[in-house]
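A.B. asks: Structure incoming, see below.
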Amino acid sequence: MCGIVGYVGRKKASGVLIEGLKRLEYRGYDSSGICVQHGGSLVFRKRAGRISALEEALADAPEIAAGTFGIAHTRWATHGEPNEANAHPHFDDDGDIALVHNGIIENYATLKQFCLDKGHVFHSDTDTEVLAHLIGEFYHDGASSLEEAVQLALREVSGTYGIAVMCSGEPDKLVVARKGSPLIIGVGSDEYLVASDASAIIEHTVNVIYMNDNEMAVITPDSMRTVTIDNVPVTKEIQQIEWSLEQIAKGGFEHFMLKEIFEQPEVVRTSLGGRLDLRDMRVQLGGLGEIVRDLVKTHKIILTACGTAWHAGLVGEYLFEDLARIPTEVEYASEFRYRNPIVEEGTVVIALSQSGETADTLAALREAHDKGALTLGIVNVVGSTIARETDAGVYLHAGPEIGVASTKAFTCQLVVETLIALMLGRRRFMSQQSTERYLKALAEIPDKIERILAQADAIREMVADYVDHDNWLFLGRGYNYPIALEGALKLKEISYIHAEGLPAAEMKHGPIALISDGMPVVCIAPRNATYAKIVGNIEEVRARKGRIIAIATEGDEQIEKYADNVIYVPDCPVPLQPLLTVIPMQLIAYYAAVARGCNVDKPRNLAKSVTVE
Ligand code: F6R
253 MCGIVGYVGR KKASGVLIEG LKRLEYRGYD SSGICVQHGG SLVFRKRAGR
303 ISALEEALAD APEIAAGTFG IAHTRWATHG EPNEANAHPH FDDDGDIALV
353 HNGIIENYAT LKQFCLDKGH VFHSDTDTEV LAHLIGEFYH DGASSLEEAV
403 QLALREVSGT YGIAVMCSGE PDKLVVARKG SPLIIGVGSD EYLVASDASA
453 IIEHTVNVIY MNDNEMAVIT PDSMRTVTID NVPVTKEIQQ IEWSLEQIAK
503 GGFEHFMLKE IFEQPEVVRT SLGGRLDLRD MRVQLGGLGE IVRDLVKTHK
553 IILTACGTAW HAGLVGEYLF EDLARIPTEV EYASEFRYRN PIVEEGTVVI
603 ALSQSGETAD TLAALREAHD KGALTLGIVN VVGSTIARET DAGVYLHAGP
653 EIGVASTKAF TCQLVVETLI ALMLGRRRFM SQQSTERYLK ALAEIPDKIE
703 RILAQADAIR EMVADYVDHD NWLFLGRGYN YPIALEGALK LKEISYIHAE
753 GLPAAEMKHG PIALISDGMP VVCIAPRNAT YAKIVGNIEE VRARKGRIIA
803 IATEGDEQIE KYADNVIYVP DCPVPLQPLL TVIPMQLIAY YAAVARGCNV
853 DKPRNLAKSV TVE
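Here the sequence shown stands for residues 253 to 865, where the numbers follow my numbering.
Given below as C-alpha cells:
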C-alpha cells in the first residue's frame, strides 16, 4: 500500500527518488520521507502530507541534493497516525541504519519489547521502527555485515515486508528484501533502482528483476548479489517491463480515472486481441495451457476477490453458470480465507485482482491451494505475486491503472471471464452457432463502448442536477445486479455520496423505505427477460417521488415515460450487457466527484493496492 523507491548510481539520487515517489503517490500519500548518503552520514527529511511537502523541505538540504545513493518512501498509515514521526525512513538508535518498509510486522509488540529490554529508544508508533532497531541490534552485536544483520532480523519477523535498508558504516551498499510485499530492482547502465512498483522506475529502465518472497539483494554501484533470507545464493533473471512511460502519464486528461475510462475501447481490444479468433470462431487462451482439460471437467468454480474485483466475480458467476453450465460461487477473499471453506477435489479457484498483490485475495488463494484446488489468476499486473503463485492464469492487458477507483481493469476482468466462459461452454455443450453469435458480439464491444463515451458531456450535465443529494440507490437485475453494486461503490468511493446497490426486486423487502422526494435512483434497465420487471420497480420508485436515471437500450423510447433521464447503451447479447452498462456507472461517479470538488484520483482514506489485511 505504501511506496518504496531506492537509487544506487551516479545521478543525483534525490531527483530520481522524488520523481519515483510522485509516480507511486497513488499507492499511499499521507506522508513521505527520503534519506541519502552524504559524506559518510545518512541525511534525511520527512514530511506529513503530499510529496510536494517533502519536495519543499529539500530546498534547504544541499547534502541531500548532492548524494547519489538513497531511499525514499510514501506512506499509507497502518500503525500510528500519518505524521512526520511515523513517516519513513526509520532509524536504529545510533541513526546509522535507515529503513523504508511496506507491509506489516505482525509480531512487532514482542520485537519492540526485546529492543526496549536492550535499551533502545523509540520515536514513532510504527511497526517499521522495530525492524530498524532490530537490524541495528544485530549489526552492532554479532553480524559481520549489513546484509547479515538484515537476515538475522528478518528471521525473527512474522508478517509481510518489502524493505530497503542503508547504513552509514557501509556507505556503498543498499540491502533490499521482500516477503509478501512487492519489490522489483531496475537494472540500468551504471545504476540500480529499487521500487515497490514498476511505474517508479520505468523512466530509467525497462530491465527489471522481480524479487520473490524470502529473497534479498545486496546492491552496490558496481554489483548486485541475490540470496535468500537464509543466505542461499539465488540466480535471478532480468525481465522487461512491457508498459511505457507514456502509458503511465495522464495523456491530456484531467484525471487518471477519466483517462482510464476513455481507454476502455482500446484496452478491451487489447484484452481480446489474439484470444478472440474470428477466423476459426474460437477462443484461445494461451495462459491456461494444459489446464483447460481440468477446467472443462470441473464440477465447481469458486471466484474470489475484493471490492470492484469481487463485483467482476459476481458477473463471472452469471457467466460461468449461464454460458458454461458450471456451478459457481463467489466469495469475498477476506471471508473465504478465515471460514475453513470446503474445497472438494477438482474445484477450480479463480482469483481476480487488478494489482495481483491484494493481501486478502492472495491469502484466499493460498488457502485454496493448500486445500488442493487448482488455482487460476485473472490479474492485470504482470509478474505480480498472484500471477506467480497461481497454477495458470490470464492477464487482463489493461495497462497500468493509476486512478484509485478501478475502471478499465474491471471491464477487462469481465472480458477475460467472458472468454473463459465461452471457451468452456463451447467445449462442454454450446453450439457452434451460439458461440459464433457471442464471439462476433464480443468483437463489437469496443466500438459500442466508444458510442457510450461519446455521451460523456451529456452525462456530466445531467449529473450536475443530482449531485446535491447525499443518498443514492442503484438497481439492477440478473447480469446487471453486480453492475448496480459497482455503480454504488464507484460513486461512494470518489464522491463520498452514500450509495447502495441492490438487486431491484429486493427493494420491496426493506430499502424502499429509504426513498424520499427527489432521491436519485439509477435503474439499469437494458432490454432483456427482466425488462418488464425492472420497469415495475421504476414505477414503485416514482410513486414515492424518487428521481430515476435509467440506463436503457438504444431505441427504447418507452422508458422515457418513466425515467427523469435516460442514458442509452447499444444493444448486445444479455451476457455481454455488463461490459456496456458499467460505463455510465463510471461516468456518473466521475462527474459527481468532480462536481463536488473531490480529489478523484486520490480519494480520502483509500489506496490503490491493499497489500495489508
Ligand atoms: C475500487 C477498487 C477496489 C479494488 C480492490 C481489489 O474501485 O479499486 O475495490 O477492486 O481493492 O484490488 P485488486 O483488484 O488490486 O485486487
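All C-beta atoms in this analysis are idealised placements derived from N, C-alpha and C, irrespective of residue type, glycine included.
What does DSSP give as the partner residue(s) for Cys419 in the beta ladder?
C.D. replies: Answer is Ile349, bridged to Cys419.
A.B. asks: Quick test of your reading: Pro593 and Ile735, contact by CB under 8 Å. State the CB separation rounded to the nearest angstrom.
C.D. replies: Contact doesn't hold; Cβ gap of about 27 Å is too wide.
A.B. asks: Among His375, Ala405 and Glu399, which one has its Cα closest to the Cα of Glu389?
C.D. replies: Among His375, Ala405 and Glu399, the Cα nearest to that of Glu389 is on Ala405.
A.B. asks: Per DSSP, what are the beta-bridge partners of Cys254 in this structure?
C.D. replies: None; Cys254 has no bridge partner.
A.B. asks: CA-CA distance, Ile490 and Gly438?
C.D. replies: Going by the C-alpha atoms only, they are around 9 Å apart.
A.B. asks: When you compare only the Cα positions, how much space is there between Thr642 and Arg327?
C.D. replies: Going from the Cα of Thr642 to the Cα of Arg327 covers about 29 Å.
A.B. asks: Count Cβ pairs between the region 666-680 and the region 798-811 that sit closer than 8 Å; are there 3 or more?
C.D. replies: No, the region 666-680 does not touch the region 798-811.
A.B. asks: Between Tyr709 and the rest of its own chain, which residues show a CB-CB distance below 7 Å, the 5 nearest in sequence each way excluded?
C.D. replies: Residue 709 is actually Asp in this sequence, not Tyr. For Asp709, where only same-chain residues beyond five positions count, there are no Cβ hits under 7 Å.
A.B. asks: Taking just the CA atoms, how far does Asn359 sit from Asp612?
C.D. replies: Taking the straight line joining both Cα atoms gives about 19 Å.
A.B. asks: On the CB-based measure, 16 or more other CB atoms within 10 Å of its CB, does Thr805 come out buried or exposed?
C.D. replies: Thr805 comes out buried.
A.B. asks: Applying the criterion that 16 or more other CB atoms from any shown protein chain within 10 Å of the CB defines a buried residue, is Asn632 buried or exposed?
C.D. replies: Classification of Asn632: buried, given that the 10 Å Cβ count is 16 or more.
A.B. asks: I need the straight-line Cα distance from Ser686 to Glu515, nearest angstrom please.
C.D. replies: Answer to the nearest angstrom: the Cα atoms are 29 Å apart.
A.B. asks: Whose C-beta lies closer than 7 Å to the C-beta of Leu273 among residues of the same chain, with five residues either side of it excluded?
C.D. replies: The residues are Gly255, Val257, Ser284, Ile303, Ala324 and Thr326.
A.B. asks: Thinking C-alpha only, which one of Glu443, Thr362 and Ala329 is nearest Glu455?
C.D. replies: Comparing Cα-Cα distances from Glu455 to each of Glu443, Thr362 and Ala329, the minimum goes to Glu443.
A.B. asks: Cβ of Leu741 within 7 Å of any heavy atom in the ligand F6R?
C.D. replies: Within the cutoff, so yes.
A.B. asks: Any contact of the region 376-388 with the region 333-346, i.e. 3+ C-beta pairs under 8 Å?
C.D. replies: Taking 8 Å as the limit for Cβ pairs, the verdict is that the region 333-346 does touch the region 376-388.
A.B. asks: Which residues does DSSP pair with Cys287 in a beta bridge?
C.D. replies: The partner list for Cys287 (beta bridge, DSSP) reads Phe296 and Ile323.
A.B. asks: Curious, which full-length alpha helix (DSSP H) runs of at least 4 residues does the region 743-826 contain?
C.D. replies: Qualifying alpha helix (DSSP H) stretches, in chain order: 783-795.
A.B. asks: My parser needs the beta strand (DSSP E) runs of 3 or more residues fully inside the region 398-459; what are they?
C.D. replies: Qualifying beta strand (DSSP E) stretches, in chain order: 413-419, 426-431, 436-440 and 443-447.
A.B. asks: Identify, in the order they occur along the chain, each residue of the same chain with its Cβ nearer than 6 Å to the Cβ of Ala329, setting aside the five sequence neighbours on each side.
C.D. replies: Cβ within range, chain order: Asp282.
A.B. asks: What three-state label does DSSP hand Glu494 in the structure shown?
C.D. replies: Residue state, collapsed to three classes: coil.
A.B. asks: Of the choices Ser420, Leu383, Gln665 and Leu566, whose alpha-carbon is the least far from that of Pro755?
C.D. replies: Closest option to Pro755, Cα to Cα, is Leu566.
A.B. asks: Residues bridged to Tyr584 by DSSP?
C.D. replies: Tyr584 pairs with Ala557.
A.B. asks: Near Glu569, which residues of its chain fall below 8 Å by C-beta distance, leaving aside the five closest residues on each side in sequence?
C.D. replies: Counting only Cβ-Cβ distances below 8 Å, and skipping sequence neighbours, we find Leu555, Thr580, Glu581 and Val582.
A.B. asks: Taking 7 Å as the cut-off, is the C-beta of Ala447 nearer than that to any heavy atom in the ligand F6R?
C.D. replies: No, since every heavy atom of the ligand F6R falls outside the 7 Å radius drawn around the Cβ of Ala447.
A.B. asks: Can you name, in chain order, every residue of its own chain whose Cβ lies under 7 Å from the Cβ of Ala625, other than the five neighbours on each side?
C.D. replies: Correct list, in chain order: Val595, Thr599, Val600 and Val601.
A.B. asks: Please determine whether the Cβ atom of Val458 lies at a distance below 7 Å from any heavy atom of the ligand F6R.
C.D. replies: Val458 Cβ: outside cutoff for every heavy atom of the ligand F6R.
A.B. asks: From Glu333 to Ser605, what does the alpha carbon distance come to, in whole angstroms?
C.D. replies: Rounded to the nearest angstrom, the two C-alpha atoms are 28 Å apart.
A.B. asks: Express the C-alpha separation of Thr320 and Arg262 in angstroms, rounding to a whole number.
C.D. replies: Whole-angstrom Cα-Cα distance: 6 Å.
A.B. asks: If you reduce the DSSP assignment to three classes, tell me which class Trp724 lands in.
C.D. replies: Three-state DSSP puts Trp724 in a strand.
A.B. asks: Taking three-plus beta-carbon pairs below 8 Å as touching, is the region 264-273 in contact with the region 424-436?
C.D. replies: Cβ pair count under 8 Å is below three, so no.
A.B. asks: DSSP state of Tyr647, grouped into three classes?
C.D. replies: Three-state result, Tyr647: strand.
A.B. asks: Compute the minimum distance between the beta carbon of Thr560 and the heavy atoms of the ligand F6R, and state whether it is under 7 Å.
C.D. replies: Flag set: Cβ of Thr560 near the ligand F6R.
A.B. asks: Taking the beta carbon of Gln289 as the centre, do at least 16 other beta carbons fall within 10 Å, making it buried, or is it exposed?
C.D. replies: Answer is buried; the Cβ neighbour count reaches 16.
A.B. asks: Which of the three DSSP states is assigned to Tyr733 in this structure?
C.D. replies: If DSSP states are grouped into helix, strand and coil, Tyr733 belongs with the helices.
A.B. asks: May I have the straight-line CA-CA distance separating Asp465 from Lys700, to the nearest angstrom?
C.D. replies: Taking the straight line from one Cα to the other gives about 43 Å.
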